[in-house]
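Asks: Can you read through this structure? Questions will come right after.
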Ligand SMILES: [Cu+2]
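Numbering (this note's numbering), first residue to last: 5 to 403.
Below, the structure is given as structure tokens:
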């Protein structure tokens, strides 16, 4: 043992000198190594490992992950241990001669069979978890999730509720270039939304995941899975949340310039609280429906439209209406936004297929569309002060 240590020390010195390292730097290297080791013990605090999550399924995923990790650690220790032991034990300085054989059928059979056995042993629990992941049957409710550049839409199929979920205004303001706002002062910076997905606990929930423009991926680590959101295809997932709480995630597929700004927030509540939330949403829907038919003033629509514009349109057309050349046209002075209402409505309702301009007729309420249009037609020097009434949007939608 003493000999080995002496050799090691000599090796380090030689190495250090060969690379022109001073003793100080060698010491710094050693300190860094020790630091890394210490960090290993503190890994739970830094969240380096995957979370155990809040569903029975995520717990299984976590256990599978740990099992495989420890198998790999054991293999690593055995293989590298044998390697280092052989290298030191049979080193030249103690007079070992290299063996001369070049082929051993016995060794080859052993090192083929053992890994096969290990792989099969690992495949059994992995397959169990994969099968469980696909069991999207006998669920109690379904939520359809649609990815857009750059927000999520949630449709509660049974309860007939639907809404968009955008980056919250505080994060959005802080992230603007030169905003002067310290992101550290914004709670849950870039991980907060305006409308969280409210879900009941102790309920098997099915998700249908898709996208309307480009690839996105819906990912909440605490649920233990992520799913691609693909235009023209519907992927399935399911969950059963046991703990009420707020769980945060992000889009996990590079989807364009604001990919980092479309977080996901789940607000899991007890079934009773969830029912209360559904009733509240229904009440709001009803109030909104009654508002559609009435005559709105320009000031009302302008104010509401500014909010809609900042949340839904400014990512591309910018807060000042100047757009971002060459991809995103200016709305200030745009022939469409200052031209006939019919044409303008068509663009906003149906989008421009094949471009990033979405069909907002499918995601925004009639009142929000009327408000955003009224705002764009009279902001930044655009001069049309005649409000676009929500009922005009209803009529245009009917064709
Ligand atoms: Cu995305």
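C-beta atoms are modelled at their ideal positions from N, C-alpha and C, and glycine is treated no differently.
#1: Can you find at least 3 beta carbon pairs, one from the segment 145–164 and one from the segment 204–224, that sit closer than 8 Å?
#2: According to DSSP, what are the bridge partners of residue 148?
#3: So, is residue 237 buried or exposed, given that buried needs 16 or more other C-beta atoms within 10 angstroms?
#4: Quick one: using the 10 Å Cβ neighbour count with 16 as the cut-off for buried, is residue 117 buried or exposed?
#5: Do you know how far the Cα of residue 224 is from the Cα of residue 205?
#6: Return helix, strand or coil for residue 180, following the three-state DSSP convention.
#7: Leaving aside the five residues before and after residue 221 along the sequence, list all residues of the same chain whose C-beta is less than 7 Å from its C-beta, in chain order.
#8: Starting from the C-beta of residue 251, find all residues in its chain whose C-beta is less than 6 Å away, skip the five residues before and the five after it, and write them out in chain order.
#9: If you drop the 5 nearest sequence neighbours on each side, which residues of the same chain put their C-beta closer than 7 Å to that of residue 369?
#10: Could you give the residue range of the alpha helix (DSSP H) that holds residue 305?
#11: Could you pull the DSSP bridge partners for residue 254 from this structure?
#12: By DSSP's criteria, residue 132 is part of a beta bridge. Which residues make up the other side?
#13: Could you tell me if the beta carbon of residue 266 falls within a distance shorter than 8 Å of some heavy atom in ligand 1?
#14: Would you mind giving the Cβ-Cβ distance between residue 169 and residue 198, rounded to the nearest angstrom? I have them listed as a contact below 8 Å.
#15: Please go through the same chain and pick out, in chain order, the residues whose beta-carbon is closer than 8 Å to the beta-carbon of residue 302, but skip the five residues on each side of it.
#16: According to DSSP, which residues form a beta bridge with residue 61?
#17: From 131, 108, 103, pick the residue whose C-alpha is nearest to that of residue 68; which is it?
#18: What residue does the alpha helix (DSSP H) around residue 286 start on, and which one ends it?
#19: For residue 371, collect the residues of the same chain with a Cβ closer than 7 Å to its Cβ; drop the 5 residues on either side in sequence, then sort them by chain order.
#20: Check this for me: beta carbons of residue 60 and residue 278, under 9 Å apart or not?
#21: Using three-state DSSP, classify residue 269 as helix, strand or coil.
#22: With DSSP run on the structure shown, which of helix, strand or coil describes residue 359?
#23: Evaluate residue 123 with the Cβ neighbour count: other Cβ atoms within 10 Å of its Cβ, from every protein chain shown; 16 or more gives buried, anything less gives exposed.
#24: For residue 230, which of helix, strand or coil comes out of DSSP?
#25: Quick check on the burial criterion: 16 or more other C-beta atoms within 10 angstroms. Buried or exposed for residue 317?
#26: By DSSP, does residue 243 sit in helix, in strand, or in coil?
#27: In angstroms, rounded to a whole number, what distance separates the CA positions of residue 166 and residue 157?
#28: Going by DSSP in three states, residue 204 sits in which element: helix, strand or coil?
#29: Any idea if residue 136 is buried or exposed, counting beta-carbon neighbours within 10 angstroms, 16 or more meaning buried?
#30: Is it right to say residue 362 is buried, meaning 16 or more other beta carbons lie within 10 angstroms of its own, or is it exposed?
#31: Just verifying my parser: in three-state terms, what is the DSSP assignment at residue 44?
#32: Could you check if residue 120 is buried or exposed, using at least 16 other CB atoms within 10 Å of its CB as the buried criterion?
#33: Which of the three DSSP states, helix, strand or coil, is assigned to residue 185?
#34: Could you tell me the distance, in whole angstroms, from the CA atom of residue 398 to the CA atom of residue 353?
#35: Under a Cβ-count criterion, where at least 16 other Cβ atoms within 10 Å of its own Cβ denotes burial, should residue 91 be classed as buried or exposed?
#36: What are the partner residues of residue 197, as DSSP defines its beta bridges?
Replies: Inspection of the coordinates gives the following:
#1: yes
#2: 159, 212
#3: exposed
#4: exposed
#5: 16 Å
#6: coil
#7: 230, 231, 232, 233, 255, 256, 257
#8: 224, 226, 270
#9: 292
#10: 302–312
#11: 223
#12: The partner list for residue 132 (beta bridge, DSSP) is empty, contrary to what the question assumes.
#13: yes
#14: 7 Å
#15: 378, 382, 389, 390, 391
#16: In DSSP, residue 61 forms no bridge with anything.
#17: 131
#18: 275–296
#19: 292, 295, 296, 394
#20: no
#21: strand
#22: coil
#23: exposed
#24: strand
#25: buried
#26: strand
#27: 7 Å
#28: strand
#29: exposed
#30: buried
#31: Bear in mind that a pLDDT of 45 at residue 44, under 50, signals an unreliable position, so the number given afterwards is only what the model happens to contain. In this structure, residue 44 counts as helix in the three-state DSSP scheme.
#32: exposed
#33: coil
#34: 11 Å
#35: exposed
#36: 171
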